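Reading through the structure tokens given below for one structure.
There are 4 protein chains.
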Amino acid sequence: MKFKARTDLALEARELYFESSAIETDVDGVEAEEEETDCGIKISRVRITSKNGEETIGKPVGNYVTLELPQNADFEQRIHTAACKAFADELKRLIGDKNDGTILVLGLGNRNITADALGPKVVDMVLVTRHLIEYMPEEIDQRLKSVCAVSPGVLGITGVETGEIVKGVCDRVKPSLVIAIDALCSRRMERVNNTIQLADTGIVPGAGIGNRRMAINNETLGVPVIAIGVPTVVDAATIAGDTIDRIVGNMKANAKENKALFRMLETIAEDDKYGVIKEVLKPDCDNFIVTPKEVDSAVELVAKIIADGINSAIHQGVDLDEFKGL
Amino acid sequence: MKFKARTDLALEARELYFESSAIETDVDGVEAEEEETDCGIKISRVRITSKNGEETIGKPVGNYVTLELPQNADFEQRIHTAACKAFADELKRLIGDKNDGTILVLGLGNRNITADALGPKVVDMVLVTRHLIEYMPEEIDQRLKSVCAVSPGVLGITGVETGEIVKGVCDRVKPSLVIAIDALCSRRMERVNNTIQLADTGIVPGAGIGNRRMAINNETLGVPVIAIGVPTVVDAATIAGDTIDRIVGNMKANAKENKALFRMLETIAEDDKYGVIKEVLKPDCDNFIVTPKEVDSAVELVAKIIADGINSAIHQGVDLDEFKGL
Amino acid sequence: MKFKARTDLALEARELYFESSAIETDVDGVEAEEEETDCGIKISRVRITSKNGEETIGKPVGNYVTLELPQNADFEQRIHTAACKAFADELKRLIGDKNDGTILVLGLGNRNITADALGPKVVDMVLVTRHLIEYMPEEIDQRLKSVCAVSPGVLGITGVETGEIVKGVCDRVKPSLVIAIDALCSRRMERVNNTIQLADTGIVPGAGIGNRRMAINNETLGVPVIAIGVPTVVDAATIAGDTIDRIVGNMKANAKENKALFRMLETIAEDDKYGVIKEVLKPDCDNFIVTPKEVDSAVELVAKIIADGINSAIHQGVDLDEFKGL
Amino acid sequence: MKFKARTDLALEARELYFESSAIETDVDGVEAEEEETDCGIKISRVRITSKNGEETIGKPVGNYVTLELPQNADFEQRIHTAACKAFADELKRLIGDKNDGTILVLGLGNRNITADALGPKVVDMVLVTRHLIEYMPEEIDQRLKSVCAVSPGVLGITGVETGEIVKGVCDRVKPSLVIAIDALCSRRMERVNNTIQLADTGIVPGAGIGNRRMAINNETLGVPVIAIGVPTVVDAATIAGDTIDRIVGNMKANAKENKALFRMLETIAEDDKYGVIKEVLKPDCDNFIVTPKEVDSAVELVAKIIADGINSAIHQGVDLDEFKGL
């Protein structure tokens, strides 16, 4: 069995493709652009436009935006403000004119597992207005949009597919747009709690830290779905796999003269990689995750950026300070 | 405006009736029996059988069972075991033969407010099996029933009526029975965190610490609903109201000879009661609750009794120890 | 036994005095001044200057400052900023020149009881620098003062008097100033989570939600102690007592003509008050507290004001944004 | 720089020694014995008796006991009970006759970081009696020993060396024995949350997830210190290092015939190992930890075993059920 690094980021899926292909050419059906703000926030926009792009990168047709915050951004209010603004701007672009009805914000993930609690944490901080607009319409700012927010839990806790619960709620609430927030897996520790991905394709099975089988997208729900994800972990198996690739890569670089050795390195690696990973990560190599020690506070900080960003992207022109519980 | 003590307990509704009626006679359409176990657990069963009973007591036709644990029961494992068993027995009786399909356990209330978090806490501890039975039927004990569990949140957090979310989930899951757990209001501090009420009538609007408008019952969901409630607070206004009743009651007892005084006491109390309560509980007399200091651990303990009791009432004959995360 | 409303606020102790004394004259040894800021924050400064003042008001000689925030202040960033500033200004005045050594911040109270967790929450948010100044002095802003912070727990959890633990820590750390934060009891719901008291007298036995016996003050620790307190609860017994006072007060106002009745009202009230309170608050009238439903978030908000205020009062002239984990 | 796998377990330190030494002979000054209980709990006792043993294994002279629970032990009450008993028996042996005065239980670690919160969690569950014995000696079971318990926090939060705070508390409380609980680092995922180490040597600098500089032992505190540790994480760098060792080991096994290749494998690995690890774990290879996804509940479970075990080891012959808040 061949080991494959696991990632939920389109950015990394594209990287993986280029790593494994000989030459870095453009892929037909994939457009990409990059930008960097004053505060050092890198914005990459990948647009997959055709079946060919979809198959090459392994992500469905749609728009993928990635924001990478500078390292240690968590300690400065200035970066927090800039990150909220950059995120809100990208979200606004993806929302376009889909916010004329109710928006349903979904906090996916398990609130009892720190690294998976991003979605529920965002839901707890999002400004919810649907009930105010319904029950006391004359008392609130007319520019506020109708927003509701649900954390549906995870299969292991509820016994029900997340997608089923979401579908049930959508059938009652009939939103015009769904925004789903979820914790993701990255390939690289340097992206953890530091990178925000937006996509207008919804969330497809197998993504996230937990296992979700039913897609949450336009096809299953009947409304557009914007997915917002932050990698909060790297699979321990991915770290082990990367380690092998690098040590073997280094050996190969040193073994260029010695053809027998070079060939052996290639063969051995292919054969042994998965076995070694399973041995190092006994007893359960699929269940171990790598996080920074301070994962608890890091997830809190990025949840706040996303919640603030969602609030300001949706309720444009409203001074939200007076609604903010700080 | 006349002040009325707020209660969600059928037991107390009946008490209130007898307090305000002159003679303690039987009410037509209301049957009541009491029992006490070895461990000092008092079990009262009130059955409302007719429209007359319904109107007299102010609770819909159905069965209401109340378990009162001995004070300070929280410190003894022995009482915990006895309470689980007594509770499971009463629950089994109410479930009857309605557990041949999937059972949906609902954790009502706001998990971010300690005194309202009972329902979500129970859901976190209930043994959920529906997904196991669906995805790996051959690997699990055939006697396990199918159980799923959802904490739908509260209107102020989600922006959606709890009843709407529950209806949406029911439409997808199609349970044969719903068991809904909620934190209640009592009239008496001595019942707080100490009393468990079961009812096969579902939950009617206005109950609980928060405000729920849409009923969760057979009529709205199309399946039988067993409601389990524990009073975790007394309204501060109820305490104030009770205080007035008692002080005035004492004065009346002392003023029997003096007719003018007696009449004055009756008039003044009626007029002033509500005004005094509002004055004492400025600025928001509907928003203040009375709890024991250690409400956090008390709610945890009673949630554990309910979760253990639900598990053993549903999965009869299965040794649940091997599924228990302690 | 005569019932006495319980309060930890000097402001209320003074009110209680004037309520029980016939005419509102000045008390010798007590100076008081009031101020109101633009944002509607009321600042009262009570200075007790003599033994006579001490005995009259029942609080030791020293400075007591009370900030009262406008109701619902929690929803506006603007008020939060103003409250931080007003609080920091008063704190600076009390600190004076006592911040030339290490400052020890104490988070008193039980972090597992929501209404008592104020102190530990503040400690979690205070900027701690002592170890940085000690281990990497050249890497940090020279204007930062040395701050350390400890949450010593409560007697029921640790088995050790809080004062003993604090004394032990002081003996090792040798601070030049102690700032102790604690949750208090008020007489009035309208002050709960809304009022911040500062005092340069330390904390005296019996204060707070829990029971602390050993004083934490200059006398016991050998360093000046500034106490910061916020009422987070009212004793349920106080609410009941106030209710009786008011209903009886109303009756008296209506009974002025009828001397016999008037006299009876006075007598009955004195006799019965405590008995009624104990009856209403069975089984444990000293253990019940009144809080707003949303006590959890309210305590969080006021803890943030205090932590931000302490940080800016201590580290004057430093831009703390770059240290802030938001 | 040579990379060295990090471990806090004496068991693993001994393994590491045997891995790096050519033949598995006995080490002078190190005695070891193993045992397995009915329930599959493995108990290893390592006794380091001389300077030579100390230097060979890298742990100070003393007794080290390790309990390894069977995998997935967390799901069975039966295993929980057996683990409590086995742990209590070993603890009793180490305590010997040192429990004739007050015992101080220390919960080391940071309660805000899930994987480091083991100590504070245990402290929250330990039965504390010192204050009862002091303030109401006639009301409690005379067989109860005097126990107090403190969670001193960590340097990064308090600004004070943990050892300093502990020393200060000891100077006031004057215990006859200290029991310190801390979260540890292991080399192997299979030991995480599954292994309990007891040692009568105290805790030496550098141990644990955080960094502690001042030792907590007989020398610094003046009383015997029993340390109880559970590995809750593996350093990500250790995982990466182990991966390299294994892949290179596999290659060596296949390259036995080819001496040049074999020699190269040995050289390359030594040179590159640390560089590869730093590259894979950018940007901060010392800050990343590997945990099971469900680390939150796993730490909770093992904390309960330790707390129950401590309680029953200390208060021998007392029925603790009546004190147990379950």
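The listed protein sequences correspond, in order, to chains Y, L, B and H. Residue 123 in this note's numbering sits at position 112 of the first sequence; the count goes up by one each step and never skips. Residue 242 in this note's numbering sits at position 231 of the second sequence; the count goes up by one each step and never skips. Residue 236 in this note's numbering sits at position 225 of the third sequence; the count goes up by one each step and never skips. Residue 169 in this note's numbering sits at position 158 of the fourth sequence; the count goes up by one each step and never skips. Glycine residues also receive a C-beta, built at the ideal position from the N, C-alpha and C atoms. The structure presented is a predicted model; accordingly, all values stated were derived computationally and were not measured.
Query: Cβ-based burial, Y:D39 [other Cβ within 10 Å; buried from 16]; Result: exposed
Query: Nearest-angstrom Cβ-Cβ length linking B:V158 and B:T169, presumed shorter than 8 Å; Result: 23 Å between Cβ atoms; not a contact.
Query: Simplified DSSP state of B:I2, which is helix, strand or coil; Result: Because chain B spans 12 through 337 in this model, residue 2 of chain B falls outside it and cannot be assessed.
Query: CB-CB length for B:I190 against B:I321, believed under 8 Å; Result: 7 Å
Query: CB contact below 9 Å: L:T243 versus chain B; Result: no
Query: Inter-residue CB distance, Y:E126 and Y:I68 (contact presumed, cutoff 8 Å); Result: The displayed chain sequence assigns Ala, not Glu, to residue 126 of chain Y. Actually they do not touch by this definition, with Cβ atoms about 26 Å apart.
Query: Closest by C-alpha distance to B:V161, when choosing among B:M136, B:I151, B:R154 and B:V313; Result: B:M136
Query: Own chain, CB closer than 6 Å to H:E79, minus 5 neighbours either side, in chain order; Result: K53 and T206
Query: Rounded C-alpha distance that separates H:A266 from H:G252; Result: 21 Å
Query: H:Q327 burial status per 10 Å Cβ neighbour count (16 or more: buried); Result: exposed
Query: Beta-carbon gap between L:F98 and L:I237 smaller than 9 Å; Result: no
Query: Cβ-based burial, H:R122 [other Cβ within 10 Å; buried from 16]; Result: buried
Query: Pairwise C-alpha distance: B:C296 and B:A210; Result: 29 Å
Query: Interfacial residues, the stretch 286-314 of chain H to chain Y, with Cβ spacing under 9 Å; Result: G286, V287, I288, E290, V291, L292, K293, P294, D295, C296, N298, F299, I300, V301, T302, P303, K304, E305, V306, D307 and S308
Query: 9 Å Cβ cutoff, Y:T254 in contact with chain H; Result: yes
Query: Closer than 9 Å to chain B by CB, H:H142; Result: yes
Query: Reduced DSSP secondary structure (H/G/I, E/B, other) of B:A314; Result: helix
Query: Within-9 Å CB hit, L:M12 to chain B; Result: Because L:M12 carries a pLDDT of 45, less than 50, the predicted location of this residue cannot be relied on, and the following value inherits that uncertainty. False, the Cβ-Cβ gap to chain B never drops below 9 Å.
Query: Euclidean distance between Cα positions of B:V306 and B:A128; Result: 11 Å
Query: One or two residues paired with H:T302 in a DSSP bridge; Result: Y:I300
Query: Residue-level contact to chain L via CB, Y:E230, 9 Å cutoff; Result: no
Query: Those runs of the beta strand (DSSP E) which lie wholly inside the stretch 199-280 of chain L and span at least 3 residues; Result: 206-210 and 236-246
Query: Cβ of L:A218 within 9 Å of any chain B Cβ; Result: At L:A218, the pLDDT of 47 sits below 50, so the modelled position is not reliable and the matter cannot be decided from this model.
Query: H:I34 (DSSP reduced to helix, strand or coil); Result: With a pLDDT of 46 at H:I34, under the threshold of 50, the modelled position of that residue is not reliable, and no figure is offered here.
Query: Neighbourhood of B:E101 by C-beta distance below 6 Å, restricted to the same chain and skipping five residues each side; Result: V76 and L209
Query: Distance CB(B:I192)-CB(L:K304) smaller than 9 Å; Result: no
Query: Minimum Cβ-Cβ distance from L:L166 to chain B less than 9 Å; Result: no
Query: Classification of Y:R224 by the beta-carbon crowding that lies within 10 angstroms, buried from 16 upward; Result: exposed
Query: Residue-level contact to chain H via CB, B:V184, 9 Å cutoff; Result: yes
Query: Contact set between Y:K178 and chain L, taken where Cβ atoms lie within less than 7 Å; Result: R183
Query: Chain Y residues whose Cβ lies nearer than 8 Å to that of L:A160; Result: I168, T169 and G170
Query: Cβ distance (whole Å) where Y:S308 is taken to contact Y:C95 below 8 Å; Result: The Cβ separation is near 18 Å, so there is no contact.
Query: Three-state class that DSSP yields for H:R154 in the structure shown; Result: coil
Query: Any C-beta of chain L under 9 Å from that of Y:P163; Result: yes
Query: Per-residue contacts from B:D283 into chain L (C-beta, under 7 Å); Result: I258 and N261
Query: Short Cβ contact (9 Å threshold) for B:I255 with B:N110; Result: no
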